[in-house]
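Asker:
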Ligand SMILES: [Zn+2]
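In our numbering, the protein residues as written are 13 to 164.
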């Protein structure tokens, strides 16, 4: 079934999330790589379930981006507050000792805390700021049918 992919405002942290939206039955798969929030939402839940989409919502408590020496990137969405932060840190430092691209961020009570590394510039923008930046970079959204391009 056809879907469109666009950046949207994360309902949990207000920064930019991405959504895979199946417009015919208005089901959206939303993933936030800032706070870790992810959900399947729909304004027609009964239709959605009929087509096999499971409506759910998982709050975010942060993200862990690990880039290994051979360039493989692993993004972990934290759906509960990590009680093993030290383990995460060690694992990251083993794979990317200079912390060139890896980072670990927690999100609790609306506050982001960078535990390790340097998240990309876009990470820090609110959705409005992000949208503005994409607008300047790629031109008018008319061409994208109102969709906002997704960047890490
Ligand atoms: Zn978020």
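Beta carbons are placed, not taken as given, at the ideal position from N, Cα and C, and that holds for glycine.
Alpha carbon to alpha carbon, what distance is there between residue 129 and residue 24?
Answerer: Looking at the two C-alpha atoms, the distance is approximately 23 Å.
Asker: Excluding the five sequence neighbours on either side, which residues of its own chain have a C-beta within less than 6 Å of the C-beta of residue 39, listed in chain order?
Answerer: If we look at residue 39 and ignore the five residues flanking it on each side, its Cβ neighbours are 54, 60 and 65.
Asker: Output the residue ranges of the beta strand (DSSP E) runs that lie fully inside the segment 85-118 and measure 3 residues or longer, sorted by chain position.
Answerer: Runs of the beta strand (DSSP E) inside the segment 85-118: 85-89.
Asker: Return helix, strand or coil for residue 33, following the three-state DSSP convention.
Answerer: Correct three-state label for residue 33: strand.
Asker: With burial defined as no fewer than 16 other Cβ atoms inside 10 Å of the residue's Cβ, what is the status of residue 3: buried or exposed?
Answerer: Outside the shown range of the chain, which is 13 to 164, sits residue 3, and nothing can be said about it.
Asker: Per DSSP, what kind of secondary structure is residue 163 in: helix, strand or coil?
Answerer: Coil.
Asker: Can you tell me whether DSSP reads residue 148 as helix, strand or coil?
Answerer: The answer is helix: DSSP assigns residue 148 an H, G or I state.
Asker: Extract the residue ranges of the beta strand (DSSP E) inside the segment 35-90, only unbroken runs of 3 or more that lie entirely within it.
Answerer: Here the runs fully enclosed are 39-43, 50-54, 68-70, 74-79 and 85-89.
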